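Here is the structure we will look at.
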Amino acid sequence: MKGQELNKTAKNAGHKTKMKLSVGDRIFNLVNAVIMIIICLVIVYPIYYVIIASITDPVIVNSGRPLFYPVKLYLNGYKTTLSYTPLWTAYGNTISYTVVGTLVSLFATIPAGYALSRKDLPGRRGLIFLFTFTMFFSGGIIPLYLTIRNLGIYNSIWAMVLPVAVSAYNLIVCRSFFEAGVPDELLEASKVDGCSDFTFFFKIAIPLSSTIIAVMCLFYATAMWNQFFNALMYLQDDNKMPLQVVLRNLVLMNQANQMGSSGDAMVTKQKLAEQLKYCIVVVSAAPLLVVYPFIQKYFAKGVTIGAVKG
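Mind the numbering: the sequence shown is residues 1199 to 1508 in this note's numbering, read in order.
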């Protein structure tokens, strides 16, 4: 009985101490909510528009009228895109580049980030300066191309993976995480128990770093999936091209076919060429759009990691 009375008293006290919002606070919250809704619409509507435009009659899309739902379904764009044989080969190539590239990047970035977080690392400041320097100045396209040629990895999967294996920005984020998330006191305590640096890294630091590993995995995978320029530079075999390049070739091919037609055939091909632009965006972004709702929390963590120095 006494316990129930105490609970009731605590609840009543909580209700009494709850502050009522003033009129100014309510107006402020309402304005914030309206602004956030507008921002969400500005961000979401272009994506929604591309999706509905990819299944709407191109004549209506090109008329300039705003679209809020599909009008006169026209699916020839998807039929052409999905029946394009090189598309599926390109999907396989892109998945291979993404998986291999992400693994290589993780194996390079995570240990390097941990090493740079150690204050007893010789030349630590100089190494951090060199990595930061590469964020603002690069060696240039031609020297990098010649390096790829001389290494003998031109026209191979490694030409897509190694040049982007480590991102200086991701490395700095990773270092900041280890500085804040793995305190020096933990390392000192482990050394008292006879733990070596390698044992501490693999058995203590890595298990504590699941968040940063997930963030790095997502950042690198997204970058690898969208690779376009490197493929144009370092790949020669059409069977090794990633998805972005193959979809771009499909658009150019249909535009060329449109130029060689006349009459009704030209109108049909012109409609197809216009719709292909939207279909290709959907096809290339579909895997990321499907996966993103499940992993968005890690992207949010990636923005805040390292924001406050530990």
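The beta-carbon is built from N, C-alpha and C at its ideal position, and this holds for glycine as well. The model shown is predicted, which means the values in this text are computed figures rather than measured ones.
| Item | Value |
| --- | --- |
| Between Y1243 and T1254, which are expected to be in contact by the criterion C-beta below 8 Å, what is the C-beta distance as a whole number of angstroms? | Between T1254 and Y1243 the Cβ distance is about 15 Å, and since that is not below 8 Å, they are no contact. |
| Using a 10 Å radius around the Cβ and a threshold of 16 neighbouring Cβ atoms, would you call P1440 buried or exposed? | buried |
| State the beta-bridge partners of L1271 as determined by DSSP. | T1254 |
| Determine the direct distance from the alpha carbon of L1265 to that of L1519, and round the result to whole angstroms. | Past the boundaries of the shown model lies residue 1519; the chain is included only from 1199 to 1508, so the question cannot be answered. |
| May I have a chain-ordered list of the alpha helix (DSSP H) segments no shorter than 4 residues that lie completely inside the segment 1350-1428? | 1355-1359, 1366-1379, 1382-1390, 1395-1398 and 1408-1423 |
| For a test of the three-state rule: what should DSSP assign to Y1282, helix, strand or coil? | coil |
| Pull up the distance between the alpha-carbon of A1231 and that of L1219, whole angstroms please. | 16 Å |
| Which residue wins for smallest C-alpha separation from Y1312, given the options F1327, I1402 and A1429? | I1402 |
| Taking 7 Å as the line, does the beta carbon of Y1282 fall inside it for any heavy atom of the ligand GDP? | With respect to the ligand GDP, the structure offers nothing, as it holds no ligand at all. |
| Please classify A1429 as buried or exposed, where buried requires at least 16 neighbouring CB atoms within 10 angstroms. | buried |
| May I have the straight-line CA-CA distance separating S1394 from A1387, to the nearest angstrom? | 11 Å |
| Can you list, in chain order, the residues of its chain with a C-beta nearer than 7 Å to that of A1357? Leave out the 5 residues immediately preceding and following it. | I1346, I1351, Y1432 and L1433 |
| With 16 other CB atoms within 10 Å as the buried threshold, where does C1238 fall? | exposed |
| Between the segment 1401-1420 and the segment 1323-1340, can you find at least three pairs of beta-carbon atoms closer than 8 Å? | no |
| In angstroms, rounded to a whole number, what distance separates the CA positions of N1353 and L1342? | 14 Å |
| Hey, could you find the ends of the alpha helix (DSSP H) R1322 is sitting in? | R1322 to F1331 |
| Exposed or buried, P1261, counting other C-beta atoms within 10 Å across all chains shown (16 or more means buried)? | Rather than Pro, the amino acid found at residue 1261 in this sequence is Ser. Flag for S1261 reads exposed. |
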